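In my numbering, the protein residues as written are 497 to 1125.
From the three backbone atoms N, C-alpha and C, an ideal C-beta is built for every residue, glycine too.
Everything numeric in this text was worked out from a predicted model, so none of it was measured.
Written out below as structure tokens is the structure these notes cover.
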Amino acid sequence: MRYADIYQSWQDDPEGFWMKQAQAIDWVTPPTRALNDSRAPLYEWFTDAQVNTCYNAVDRHVENGRADHTAIIYDSPITGTVAHITYAELLNRVASLAGALRDKGVGLGDRVIIYMPMVPDALTAMLACTRIGAIHSVVFGGFAAHELAVRIDDATPKAIIAASCGLEPNRVVAYKPLLDGAIAQAKHKPDFTIILQRDQLPCDLTPGYDFDWHAVQDGVTPADCVPVSGDHPAYILYTSGTTGAPKGVVRPTAGHLVALHWTMKNFYNVDPGDVFWAASDVGWVVGHSYICYAPLIHGNTTVVFEGKPVGTPDAGTFWRVIQDHKVRSFFTAPTAFRAIKREDPEGLLIKDYDISSLRALYLAGERADPDTIIWAQNVMQVPVYDHWWQTESGFPMVGNPAGIEALPVKIGSPTVAMPGYDIRILADDGSEMPAGELGSIAIKLPLPPGTLPTLWQAEDRFVKSYLTTFPGYYETGDAGLLDAEGYLYVMARTDDVINVAGHRLSTGAMEEILANHPDVAECAVIGVSDALKGQLPMGFVCTNSGTSRSDDEIVADCIRMVRESIGPVAAFKLVAVVNRLPKTRSGKILRRTMVSIADNTDFKMPATIDDPAILDEIRDSLRPLGYGG
Ligand code: COA
Ligand code: AMP
């Protein structure tokens, strides 16, 4: 069948389509129906089924004769380690940790926060939670104590599983002080922690509260898989919204299993047994779906890579990993390729490696710029597929369905809608835009299985954030257009979310931090273009008159405060001190105009601007930072 036939078969009978895909999953009690629309426009899938995620990702492969097949390859150029973990070994590890969690009182529906670097034990921890029906929430290691504290208070976890440290190329990141700081800051106090001690920086453990990863598992009876209902949350993953409070995206168990399994062959074009590599981090949705769950559910080998595209040790590291582990399909963010291209513009390092195992490169997480796509095509000599999705969807919404049929690539477009997604471009009044015209990208409800049914304990916010602007549709927060052949072009965000090196960040959250500086009277944060990271945050602060501190001191404070509060991943290093901010007559800060000035692109003078002369002041303040033309 061709892509168009498959998409049509889904459109004709969505219920039948998803029930058929559900046959790839091992159920305790199979679903009798797919969609539950009893609370429309809030939809759920496979609610009458009973199933276990971990069983489908691990146990069933062991039971089906693939115990000795490699489940995980851990490749850490930072520590010089390569390790292979079979499905049987993974099962032992997961069941043992799950047993320890169970013995310490963690059960069905309890939350567990996981704060770990890119080590295979992070996957063990995720799977151990889903094994016993506990709901994990992984927090990216590049977030600081405050962000962790916010998530502790929202998820109210019974336990936290962490490592003693993470390893960045230039430094060892001590996790324990961040963890202790977060627990101290949070109102909610978890019952206990489990700490994986790493040789590079072991930490002190508080007796009776912090338990060593290995010691806590001593003599434990391994835990069996606990069946959960299809709509039980497998995990919560926090993502940036417009305000400082992150959104707790809920991932429903059954839909997650069904949808992820479907993507591995139809989209990423791998068969069970093939090696699949997503060079991302378990702290992001890409890591959840395509480092941990989907490859394991589908019976692939997944690569856990602890390194960076450059500097660990050089810009050839990706080629080495592809060669050494015979990677079949490879997924990363465009920024990683921009980093490699910057270090090795001619792509000379690839000549030292044999990457003939590779069938295609998949890019997502941010806009894939044409230069990067063309460079990757030329250097790697494989098809390069851009695809578009978000934390909320959990799997590709738009892409090139290479496992069904490789459609012609149009550079600049992530290609076409996947089954399950009816993508529309809407005007502000909700009417549909004609082909080729820009509008808000929305998806006709219901969203497919595996997508978020709600936000964690925030149904009102879910409805307000996603379902209210365009009744009957899910609002993606992205703007773009569809061409006459149904190819989507994603152009920009419609909100204040920015994308820094494939990491989704909230400028609103940064503004809240800057506004707390005692010498800052007013502030704004925007995302400006950056050749490597796509976007970088840039702060503008107006200082209080009469402050005794110099502008340089205030700028340094602002940079430090954002780093200490959100974390180094925010890459917040650009701050301009200005006398006033450009505003409309009603007092709204003209952030988009400021972005145009910083990027030195054309813009239309806003009709409602209060005082156009401020724009020249803004441009002047940007020049020392290398922006504004
Ligand atoms: N734990 C602690 N700190 C972390 C971290 C982690 N897991 N991840 C990043 N950081 C820190 C970095 O050390 C850096 O700190 P610094 O300001 O002290 O140098 C800062 O956060 C920014 O990190 P990063 O975004 O990685 O930038 P970089 O300049 O170190 O590297 C790239 C640039 C392009 C190589 C890097 O961003 C990259 O590999 N991007 C791929 C993106 C990706 O996989 N995205 C996932 C979505 S698919
Ligand atoms: P995240 O939830 O962190 O995965 O970020 C999702 C957001 O990243 C999307 O809403 C887009 O703004 C952006 N994004 C992801 N993939 C793409 C892509 N292929 N092209 C353009 N933007 C993308």
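Go through its chain and collect everything with a Cβ distance to residue i's Cβ below 7 angstroms, but skip five positions before and after it.
i      : result
Pro573 : Gly803, Thr808, Pro809, Thr813
Nearest-angstrom Cα distance between residue i and residue j?
i       : j       : result
Leu1077 : Asp1095 : 17 angstroms
Tyr551  : Glu1049 : 55 angstroms
Trp758  : Pro944  : 12 angstroms
Gln1194 : Val754  : The structure shown does not extend to residue 1194, since the chain is modelled only from 497 to 1125, so the question has no answer here.
Gly638  : Gln504  : 42 angstroms
Met497  : Ile818  : 30 angstroms
Ala641  : Asp979  : 45 angstroms
Phe1068 : Thr887  : 22 angstroms
Thr652  : Asp867  : 44 angstroms
Glu862  : Pro703  : 44 angstroms
Leu934  : Asp1107 : 29 angstroms
Phe513  : Pro723  : 24 angstroms
Thr797  : Ala832  : 22 angstroms
Lys906  : Ser660  : 45 angstroms
Met1006 : Gly740  : 7 angstroms
Arg1000 : Pro665  : 22 angstroms
Tyr983  : Leu845  : 34 angstroms
Gly1122 : Leu1070 : 10 angstroms
Arg920  : Glu928  : 7 angstroms
Thr525  : Leu531  : 16 angstroms
Arg529  : Asn560  : 27 angstroms
Asp918  : Glu1060 : 41 angstroms
Val547  : Gly795  : 17 angstroms
Ala1109 : Met1101 : 11 angstroms
Asp992  : Thr964  : 18 angstroms
Phe826  : Ala618  : 20 angstroms
Val880  : Asp840  : 19 angstroms
Taking residue i and residue j to be in contact with their CB atoms under 8 angstroms, please state how far apart those CB atoms are, rounded to whole angstroms.
i       : j       : result
Ser853  : Arg824  : 6 angstroms
Val782  : Leu733  : Wrong, their Cβ atoms sit about 11 angstroms apart, outside the cutoff.
Met622  : Cys788  : 5 angstroms
Ala829  : Gly976  : That pair is no contact at about 19 angstroms.
Phe1036 : Val1074 : 5 angstroms
His752  : Gly890  : 6 angstroms
Thr620  : Thr549  : In fact, because the Cβ distance is near 14 angstroms, the residues do not count as touching under 8 angstroms.
Ile628  : Ala719  : 5 angstroms
Lys940  : Tyr962  : About 13 angstroms separates the two Cβ atoms, so there is no contact after all.
Arg607  : Pro742  : Between Pro742 and Arg607 the Cβ distance is about 15 angstroms, and since that is not below 8 angstroms, they are no contact.
Met612  : Val800  : In fact, because the Cβ distance is near 11 angstroms, the residues do not count as touching under 8 angstroms.
Pro949  : Leu538  : 7 angstroms
May I ask which residues mark the beginning and end of the beta strand (DSSP E) holding residue i?
i       : result
Met987  : 984 to 989
Val578  : 577 to 582
Arg1119 : Premise fails: Arg1119 is in no beta strand (DSSP E) and is neither H nor E.
Ser1025 : 1016 to 1026
Phe707  : 706 to 708
Gly973  : 969 to 978
Trp815  : Counting along the chain, Trp815 falls outside any beta strand (DSSP E), though it belongs to the alpha helix (DSSP H) covering 813 to 821.
Tyr858  : 856 to 859
Go to residue i, then tell me how far its alpha helix (DSSP H) extends in each direction, as first and last residue.
i       : result
Val716  : Looking at the DSSP string, Val716 is not in any alpha helix (DSSP H), and its letter there is neither H nor E.
Thr1080 : Neither: Thr1080 is in no alpha helix (DSSP H) and is coded neither H nor E.
Glu1007 : 1003 to 1011
Cys721  : Unbroken run through Cys721: none, as it is neither H nor E.
Cys699  : Neither: Cys699 is in no alpha helix (DSSP H) and is coded neither H nor E.
Leu1126 : No answer is possible for residue 1126: the residues shown for the chain start at 497 and end at 1125.
Glu933  : Premise fails: Glu933 is in no alpha helix (DSSP H) and is neither H nor E.
Val993  : Segment 993 to 996 is the beta strand (DSSP E) holding Val993; no alpha helix (DSSP H) there.
Gln1031 : No alpha helix (DSSP H) contains Gln1031, which is instead part of the beta strand (DSSP E) from 1030 to 1039.
Gly871  : It is Trp, not Gly, that sits at residue 871 in the sequence shown. First-last of the alpha helix (DSSP H) with Trp871: 866 to 876.
Who are the Cβ neighbours of residue i in its own chain at under 8 angstroms, not counting the five residues just before and after it?
i      : result
Val716 : Ser592, Gly595, Ala596, Asp599
Thr582 : Ala563, Asp564, His565, Thr566, Ala567
Tyr499 : Pro897, Ile900, Glu901, Leu903, Val912
Ala835 : Lys804, Pro805, Val806, Ala811, Leu1028
Among the residues of its own chain, which have a CB less than 6 angstroms from the CB of residue i, if the five just before and after it don't count?
i       : result
Gly744  : Asp650, Ile732, Tyr734, Leu951, Trp952
Ser1025 : Asp1095
Asp882  : Leu859, Ala864, Pro910
Ile1085 : Ala1020, Leu1077, Lys1079
Thr1104 : Thr1080, Arg1081
Asp727  : Glu540, Thr543, Pro748
Pro729  : Ile631, Val746
Ile656  : Ile609, Pro686, Thr689
Arg838  : none
Gly677  : Ala641
Can you find a CB in chain B that lies within less than 7 angstroms of the CB of residue i?
i      : result
Val746 : Looking for chain B here will not work: only one protein chain is present.
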